[in-house]
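Q:
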Amino acid sequence: MASTEVYLFAAVAIFLFIFLFFFLAPAVRNSFAEQSYMGTPTIPPAKAVFTSFASIRIHATEDEVFDVITKFDDYTSWSSSISDYKFDLPGIPQTGSHGTFKTDREKKIAQRTTTYPRWLLGGETVQEVVPIEGSNGACEYRTYHTIEGLAAYYLLMAATEELAETQRKSAGELKAFIERQKR
Numbered sequence: 003m004a005s006t007e008v009y010l011f012a013a014v015a016i017f018l019f020i021f022l023f024f025f026l027a028p029a030v031r032n033s034f035a036e037q038s039y040m041g042t043p044t045i046p047p048a049k050a051v052f053t054s055f056a057s058i059r060i061h062a063t064e065d066e067v068f069d070v071i072t073k074f075d076d077y078t079s080w081s082s083s084i085s086d087y088k089f090d091l092p093g094i095p096q097t098g099s100h101g102t103f104k105t106d107r108e109k110k111i112a113q114r115t116t117t118y119p120r121w122l123l124g125g126e127t128v129q130e131v132v133p134i135e136g137s138n139g140a141c142e143y144r145t146y147h148t149i150e151g152l153a154a155y156y157l158l159m160a161a162t163e164e165l166a167e168t169q170r171k172s173a174g175e176l177k178a179f180i181e182r183q184k185r
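Each residue of the sequence shown is one higher than the one before, counting from 3 in the numbering used here.
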């Protein structure tokens, strides 16, 4: 009799897990506006659970801003949200480096987290610098972090605002750092 109860309990637990994964999680995701998630180079929009985004105008050229955001070892000098930035190879990451995508032509870089398996919790941050037409010496810096995986649903419900605030704060700190250097 006891073994029957164990099997019944296990079956109910498996059913609840399947229900959560296949029905409840997509329903939660779909309850948010479609603009709440953006695809990245390695996370298609269909797999994205949510995205935190920030954009700020910086009084500097595209090249000046891009030079700062591609000096990875210097992030701790301007960003309070980054305390340790490591890559799998020494020096500046090259195109194709593990976890790194870089293209100078578009002034866009993307970094993917590799801490957890992507099915559990994956994320990718995209940073891009775009010109502002008619604005001599100013550009727009955009950054967004897209999250995927089962654990992302917890973050979606519990930490969306905190992650968005981190993006805004980081963009503001970058702006202050660059504009302070130009004085």
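Note that beta-carbon positions come from the ideal geometry of N, C-alpha and C, so glycine has one too.
#1: Let me know the secondary structure DSSP gives Y146 once reduced to three states.
#2: Determine the DSSP secondary structure at K110, reduced to helix, strand or coil.
#3: Determine the contact status of L165 and V51, defining contact as a CB-CB distance below 7 Å.
#4: Keeping to the same chain, check which residues put their C-beta closer than 7 Å to that of L122; ignore five residues upstream and five downstream.
#5: Considering only C-alpha positions, which residue in the set S5, A173, F68 and S79 is nearest to A56?
#6: Between T53 and H147, which are expected to be in contact by the criterion C-beta below 8 Å, what is the C-beta distance as a whole number of angstroms?
#7: DSSP three-state call for A154: helix, strand or coil?
#8: Would you mind sorting A62 into buried or exposed? The rule is 16 or more other CB atoms within 10 Å of its CB.
#9: If you measure between the beta carbons of A143 and V70, is that distance less than 7 Å?
#10: Quick one: what's got a C-beta closer than 7 Å to T42's C-beta in the same chain, skipping five residues either side?
#11: For K177 versus I58, is the C-beta spacing smaller than 7 Å?
#12: Taking only the alpha-carbon atoms, compute the straight-line gap between T78 and E167 and give it to the nearest angstrom.
A: Working from what's here:
#1: If DSSP states are grouped into helix, strand and coil, Y146 belongs with the strands.
#2: In the structure shown, K110 adopts extended strand secondary structure according to DSSP, grouped into three states.
#3: Contact: no.
#4: Taken in chain order, the residues that qualify are G151, L152 and A153.
#5: Nearest C-alpha to A56: A173.
#6: That belief holds up - the Cβ atoms of T53 and H147 are roughly 7 Å apart, short of 8 Å.
#7: Residue state, collapsed to three classes: helix.
#8: Looking at its Cβ environment, which holds 16 or more other Cβ atoms inside 10 Å, A62 is buried.
#9: Per the sequence shown, the amino acid found at residue 143 is Tyr instead of Ala. At a Cβ-Cβ threshold of 7 Å, Y143 and V70 do not count as neighbours.
#10: Apart from the 5 residues on each side of it in sequence, T42 sits with its Cβ closer than 7 Å to the Cβ of A112, E126, V128 and T148 in its chain, given in chain order.
#11: Inclusion of K177 and I58 in the CB contact set at 7 Å is warranted, their separation being smaller than that value.
#12: Distance between the alpha carbons of T78 and E167: 18 Å.
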